[in-house]
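Visitor: One structure, pasted below without further comment.
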Amino acid sequence: MGSSLLSPAQQTGDKSIKWTIAGELPPGNGCSRSLGVAGPVAGLYGGILLVAGGANFPESMPWEGGKKKYYDEGFVYAGSGQHPLLQKETFKLPAPVAYAASCSTPQGVLYAGGENENGISNKVYLLQWDIATEKAVVKSLPDLPEAITNGAASADGNNVYFAGGETVNGVSDNFYSLDLRHTTAGWTKLPTLPKPVSHMVLIVQPGGDHPGVYLMGGRKKNADGISELYTSVYMFDLLTQSWKEKRSMPYSLCAGTGIGTAQGSIFLFGGDKGTTFHQSETLNAATGREKDPVKKQALIEQRIRLQSTHPGFSNEILVYNTATDVWSVAGSIPFETPVTTVAVAWGNDVIIPSGEIRAGVRTPQLLLGKLPGK
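In the numbering used here, the protein residues as written are 8 to 381.
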């Protein structure tokens, strides 16, 4: 998932982050309360938070035969006194989409790739908020060189970086950039990632002697149906245009969210450590190999029990110091912590909108973390 840079006022003291539920996504037609979505597009433009798209299971859980539904609805929030996330307007995306890579830029909220009922997308768009008309504006940008879902994007001003993700042929190790000032040039292919990866956090840290793009964690689904989850951290040096390995995370992590700070720290919020995920994949693979119908049904029922009692994901906050190459644990989020969403830096706050909190279950909540000094 992509990221933004916090304002310079942000300190690196971190256990005093104050978390609240700042709001919820509004319900859809005929519903009394929103189910929430996984894989939304989210970002900040001109002081306005834009949240759009995503997917959920509105009728029943996937292991009960429930069908995933993708959305094109967008929602607009603005800070307002005691109501930090006041909804202002709604809008529509060009098409339903979930699991696109999204990030905030000076020109709007960019989202790239993703998927819907028709498959994986290579489309790229820029979401803006028109102050005069108080309407959202959606602009087309050059397509990605290939259709990709579950990739990651991050921006350094007008320079956008896109990494990895899943294609129709497997997990990608491609790395691209797009200059929003010269979009006619399209996406530039950069040196490939050290390994194929999806569901990672990608963060640009432009300051210091070695400005770079940090690639953290993630996973790779293998041909046998079992994914490899990563602890690895790599930095793409923007000066030398090469990848460098950094100190690994304390544990493997994928599908979480993150932000960078102006002081050179990177915060990771929650994520999937993969224990239940691996058990589910292993049972699914075993089910596919099993020929005996009785044993096959037993494996199916075992996987259903595992999924329906999913304990949720990590709520820990990890902090990485880019100057010292050191990781630390900085407390936890006191709420069910979502994955497959985007952490958005908003001044000295962090917003984590919606996302998945357990297998098949979304949250409509928008978490707000108030950092020290606010």
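Virtual Cβ for every residue (Gly too), placed ideally from N, Cα, C. It should be emphasised that the depicted structure is a prediction, and the values quoted were computed from it without experimental measurement.
How about Leu-330 and Gly-376: do their beta carbons lie closer than 8 Å?
Guide: Reading the sequence as shown, one finds Ala at residue 330 and not Leu. No, the Cβ-Cβ distance between Ala-330 and Gly-376 is not below 8 Å.
Visitor: For Leu-13, does the count of other Cβ atoms within 10 angstroms reach 16, so buried, or fall short, so exposed?
Guide: For Leu-13, the predicted structure reports a pLDDT of 45, less than 50, and the residue's modelled location is therefore unreliable. A value from the coordinates is still provided. With 16 or more Cβ atoms within 10 Å of its Cβ, Leu-13 is classed as buried.
Visitor: Arg-254 lies in the beta strand (DSSP E); which residues open and close that run?
Guide: No beta strand (DSSP E) holds Arg-254; DSSP gives it neither H nor E.
Visitor: Quick one: complete alpha helix (DSSP H) runs, 4+ long, within the stretch 170 to 251?
Guide: The stretch 170 to 251 contains no whole alpha helix (DSSP H) run of 4 or more residues.
Visitor: With a threshold of 8 Å on Cβ separation, who are the neighbours of Val-333 within its own chain once the five nearest residues in sequence on each side are excluded?
Guide: If we look at Val-333 and ignore the five residues flanking it on each side, its Cβ neighbours are Arg-254 and Tyr-327.
Visitor: Does the stretch 74 to 82 come close enough to the stretch 57 to 64 that 3 or more CB-CB pairs lie under 8 Å?
Guide: Yes: the two stretches touch, three or more of their Cβ pairs being nearer than 8 Å.
Visitor: According to DSSP, is Lys-377 helix, strand or coil?
Guide: Strand.
Visitor: Helix, strand or coil: how does DSSP classify Ser-315 here?
Guide: The answer is helix: DSSP assigns Ser-315 an H, G or I state.
Visitor: Since Gly-30 sits in a beta bridge, which residues does DSSP pair it with?
Guide: Looking at the DSSP assignment, Gly-30 forms a beta bridge with Leu-373.
Visitor: Which residue wins for smallest C-alpha separation from Val-131, given the options Ala-45, Pro-198 and Pro-152?
Guide: Nearest C-alpha to Val-131: Pro-152.
Visitor: Give every residue of the same chain whose Cβ lies closer than 7 Å to the Cβ of Thr-2, excluding the five residues on either side of it in the sequence, and list them in chain order.
Guide: Since the first residue shown for the chain is 8 and the last is 381, residue 2 is missing from the structure and cannot be characterised.
Visitor: Please state whether DSSP places Thr-97 in a helix, a strand or coil.
Guide: Correct three-state label for Thr-97: strand.
Visitor: To the nearest angstrom, report how far apart Val-178 and Met-223 are at their CA atoms.
Guide: Their Cα atoms are separated by approximately 16 Å.
Visitor: Between the stretch 177 to 191 and the stretch 154 to 167, are three or more C-beta pairs nearer than 8 Å?
Guide: Cβ pair count under 8 Å is three or more, so yes.
Visitor: According to the Cβ coordinates, are Tyr-84 and Gly-126 closer than 8 Å?
Guide: No.
Visitor: Rounded to whole angstroms, what's the CA-CA distance from Ile-364 to Ile-358? Just pull it up for me.
Guide: Going from the Cα of Ile-364 to the Cα of Ile-358 covers about 16 Å.
Visitor: When you compare each of Gly-214, Lys-280, Trp-250 and Gly-295 to Asp-231 by their alpha carbons, which one comes out closest?
Guide: The shortest Cα separation from Asp-231 among Gly-214, Lys-280, Trp-250 and Gly-295 belongs to Gly-295.
Visitor: So who's on the other strand from Pro-360, going by DSSP bridges?
Guide: Answer by DSSP bridge pairing, in chain order: Leu-373.
Visitor: Would you mind sorting Arg-312 into buried or exposed? The rule is 16 or more other CB atoms within 10 Å of its CB.
Guide: Exposed, since its Cβ has fewer than 16 Cβ neighbours within 10 Å.
Visitor: Do Ile-324 and Phe-274 have their CB atoms nearer than 8 Å?
Guide: A contact, by the Cβ cut-off of 8 Å.
Visitor: Please list the terminal residues of the continuous beta strand (DSSP E) segment that includes Asp-150.
Guide: Per DSSP, Asp-150 belongs to no beta strand (DSSP E) and is neither H nor E.
Visitor: Excluding the five sequence neighbours on either side, which residues of its own chain have a C-beta within less than 8 Å of the C-beta of Glu-124, listed in chain order?
Guide: Taken in chain order, the residues that qualify are Tyr-77 and Pro-103.
Visitor: Within 10 angstroms of its Cβ, does Gln-304 collect 16 or more other Cβ (buried), or is it exposed?
Guide: Flag for Gln-304 reads exposed.
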